[in-house]
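S.K.: Chains as they are written, first to last, in my numbering: chain Z, 35 to 385; chain Y, 35 to 385. The beta-carbon is built from N, C-alpha and C at its ideal position, and this holds for glycine as well.
#1: Residue 205(Y) to residue 140(Y), Cα distance in whole Å?
#2: Entirely within the segment 238 to 315 of chain Z and at least 4 residues each: give me those alpha helix (DSSP H) ranges in chain order.
#3: For chain Z, find out if any of its Cβ atoms is closer than 7 angstroms to the Cβ of residue 227(Y); answer yes or no.
#4: With 16 other CB atoms within 10 Å as the buried threshold, where does residue 35(Z) fall?
#5: To the nearest angstrom, how far is it from the Cα of residue 190(Z) to the Cα of residue 85(Y)?
#6: Which residues of chain Z have a Cβ atom closer than 8 angstroms to the Cβ of residue 262(Y), listed in chain order?
#7: Do you know whose CA, among 110(Y), 342(Y), 285(Y), 60(Y), lies nearest residue 50(Y)'s CA?
#8: To the nearest angstrom, report how far apart residue 39(Z) and residue 369(Z) are at their CA atoms.
#9: Does DSSP put residue 69(Z) in a helix, a strand or coil?
#10: Here's a check: name, in chain order, each residue in its chain whose Cβ is nearer than 7 angstroms to the Cβ of residue 348(Y), leaving out the five neighbours to either side.
#11: Tell me whether residue 283(Y) is buried or exposed, calling it buried when 16 or more other Cβ atoms sit within 10 Å of its Cβ.
#12: So, does the segment 347 to 364 of chain Y touch the segment 306 to 325 of chain Y, judging by three or more C-beta pairs under 8 angstroms?
#13: Please state whether the Cβ-Cβ distance between residue 102(Y) and residue 58(Y) is less than 7 angstroms.
#14: Kindly list, in the order they appear in chain Z, the residues whose Cβ is closer than 7 angstroms to that of residue 202(Y).
#15: Quick check: the Cα distance between residue 219(Y) and residue 264(Y), rounded to an integer number of angstroms?
#16: Residues in the segment 100 to 134 of chain Z with C-beta within 7 angstroms of chain Y's C-beta atoms, listed in sequence order?
#17: For the alpha helix (DSSP H) that contains residue 199(Z), what are its first and last residues?
#18: Run the CB neighbour count on residue 133(Z), radius 10 Å, all protein chains shown included, and call it buried at 16 or more, exposed below.
#19: If you measure between the beta carbons of residue 128(Y) and residue 165(Y), is that distance less than 7 angstroms?
#20: For residue 45(Y), which three-state DSSP category applies?
#21: Tell me whether the beta-carbon of residue 377(Y) lies closer than 7 angstroms to the beta-carbon of residue 355(Y).
#22: Does the beta-carbon distance from residue 242(Z) to residue 122(Z) come in below 7 angstroms?
#23: Mind checking the segment 227 to 242 of chain Y against chain Z and listing, in chain order, the residues whose C-beta falls within less than 8 angstroms of any C-beta there?
#24: Exposed or buried, which one is residue 200(Z) when buried takes at least 16 other CB atoms within 10 Å?
#25: Using a threshold of 7 angstroms, state whether the C-beta atoms of residue 167(Y) and residue 188(Z) are closer than that.
#26: I'd like to know whether the C-beta atoms of residue 301(Y) and residue 237(Y) end up nearer to each other than 7 angstroms.
#27: Along chain Y, which residues have their Cβ under 7 angstroms away from the Cβ of residue 43(Z)?
#28: Are there 16 or more other CB atoms within 10 angstroms of the CB of residue 216(Z), so buried, or fewer, so exposed?
#29: If we cut at 7 angstroms on Cβ distances, does residue 36(Z) have a partner in chain Y?
#30: The alpha helix (DSSP H) spanning residue 160(Y) covers which residue range?
#31: In whole angstroms, give me the CA-to-CA distance for residue 96(Z) and residue 148(Z).
#32: Return the CA-CA distance between residue 260(Y) and residue 154(Z), expressed in angstroms with no decimal places.
#33: Starting from residue 167(Y), find everything on chain Z with Cβ-Cβ shorter than 8 angstroms and list it in chain order.
#34: How big is the Cα-Cα spacing for residue 114(Z) and residue 53(Z)?
#35: I need the straight-line Cα distance from residue 353(Z) to residue 72(Z), nearest angstrom please.
#36: Are the CB atoms of residue 2(Y) and residue 230(Y) nearer to each other than 7 angstroms?
Okay, structure coming up:
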């Protein structure tokens, strides 16, 4: 059984992430090197490897690399060599970077990891182009993986891509929906959006590692499910940080989601509560997009109406479901333990 | 031998295009129907099937469907049933639509087929999203094709996608290059850009039909080559229309390419001539982006310096090379004849 008390030498989540990043790095550098030099420069900036002058910034603004780690651990968890998961790791990391580039254009988010977003640094057109190049390269690399599993892996990645894009479409459409009444966004709609936008690629990352490692379909499906639950926990955490997160940590402006009228879990949960605070919140939100002072008040009311606690509960439930899905699957001991550590660490940001 | 004088019943290019569009239509409608409803609405608008209110506009602003026809004919040309080419036809048509949506964003082109471009009608973010959705759907559909050829077809499509994006990157970078001197765009650079931007997908369309039809690699490669030459001819024609085309026919503003400082073949060829007109042209271009009056003068000088004639020659050479590549390949008689008619018809627009 993985994760029992006898384990004395459990690495930390950041150890696990670092090991996987180091393993995947050469293949990721190779993939970016195959891009047109200009899109490659934008990709290197987006990945946090260099500044806008192309000067290396080692580790400066790099992401944690959760998705690449999941692909590597997915392969190890089904008893394959970590190297089997690397093509999947590269593909999901490139797709993730593509989605950040395009989402920042769509959401007009000027900051990403405390630096100007690619569209701010290079222009909207170039950012769109760089995203396209990353997406094309992601599928190309996976389709060219030697061995018998490339075709199944490509189909998995494609399914996740469709879900990702549909989730982003939902998220954008929600901004035009009312806060209450018959047109309001229901909990099931929110869940479906978040699963597409965030869960699909995390599930795909784990599943790809397993597919490339030659795992049977039920194991692949279980890992996909675990990753999707992790994504829902992750999105709930992100929603909390989007309202109460410290800009120095999140790298984004304070109350960013409130200013944009984003239909996030804390606000939807608060409105659903029906308390006095919920009614005041509803009135405030119905009037206009909040100013800085009003956003402060909205945040307080969301908290008072129980939105923050409800979203913490949502994150916890999905994290538990993710860990349960892992435990119910026959996986190799070390990888299962590392996945468990990683899952717990990711949700820890606001717990 | 295809195309000999004994053929009495040769269909016209538009007959061929119509037959293929009708054959592909149900599968294309099905693919668009699998998109999120909002991205599906934008896709239907982009494909010319409906207006921005979602009201059907049958045939109103539909493209000719050259790429889908090439995929169908590619399958027939290698002796397979036309239906074998349909998944390839759908994929290339969706990729083409994706590229139009994103290119219009990057080039800030407000008009497409005499209607507002998708980004003008729906906004930049939604247009980026709809393009992403089309691209994801294109690869997904092809990857899910039954039979033994899906993986090879996906690899072909991916290669074309990378070339397409790299060609677009070159085209955008060229706008920042000087008109003459050591930094000027040379003929080989222009050719490589045009082959990526326009040739890769046309070559891929023909090649996909052949791959899905089970053709041997040399036949697939020959069809790809023919399509790439067709693309270079097509781009030359497009460059001519971008300067001298009638806006009522092209659906774009007059002199659009000149106003943007696009490095097109007619201008590059004119400057390379070294005549008095070429020198005056160089001076005029070096001063500033042309006003309407100056654009008129630039167009005259390009013509006087032989740029239009040189580009007509370029189109003719590549069209001949494309038809030669077809004739040198063992293909079924009827499809080869229809391809020949189609190739000739496509370049006819300015010949």
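M.R.: Walking through what the data contain:
#1: 11 angstroms
#2: 251 to 278, 281 to 284, 290 to 293, 299 to 307
#3: With 7 angstroms as the cut-off, residue 227(Y) does not count as an interface residue toward chain Z.
#4: Unreliable positioning characterises residue 35(Z) in this predicted model, as indicated by a pLDDT of 43, which lies under 50. A coordinate reading is not provided.
#5: 34 angstroms
#6: Within chain Z, no residue comes near residue 262(Y); the closest Cβ sits about 18 angstroms away, beyond 8 angstroms.
#7: 110(Y)
#8: Legend: pLDDT at residue 39(Z) = 46, less than 50; position of this residue unreliable, no value from coordinates given.
#9: coil
#10: Counting only Cβ-Cβ distances below 7 angstroms, and skipping sequence neighbours, we find 270, 299.
#11: exposed
#12: no
#13: yes
#14: 163
#15: 22 angstroms
#16: none
#17: 184 to 208
#18: buried
#19: no
#20: coil
#21: In this structure, residue 377(Y) lies away from residue 355(Y), with their beta-carbon atoms at least 7 angstroms apart.
#22: Taking the C-beta atoms as reference points, residue 122(Z) is found nearer than 7 angstroms to residue 242(Z).
#23: none
#24: That one is buried.
#25: Against a cut-off of 7 angstroms, the Cβ pair of residue 188(Z) and residue 167(Y) comes out as no contact.
#26: no
#27: Chain order gives no chain Y residues near residue 43(Z), where near means a beta carbon separation below 7 angstroms; the closest approach is about 42 angstroms.
#28: exposed
#29: Unreliable positioning characterises residue 36(Z) in this predicted model, as indicated by a pLDDT of 47, which lies under 50. The coordinate reading is nonetheless provided below. Output row for residue 36(Z): interface = no.
#30: 158 to 177
#31: If I take the Cα positions, the gap works out to 11 angstroms.
#32: Going by C-alpha positions, residue 260(Y) is about 41 angstroms away from residue 154(Z).
#33: 196, 199, 200, 203
#34: 16 angstroms
#35: 40 angstroms
#36: There is no way to answer for residue 2(Y), as the model of chain Y reaches only from 35 to 385.
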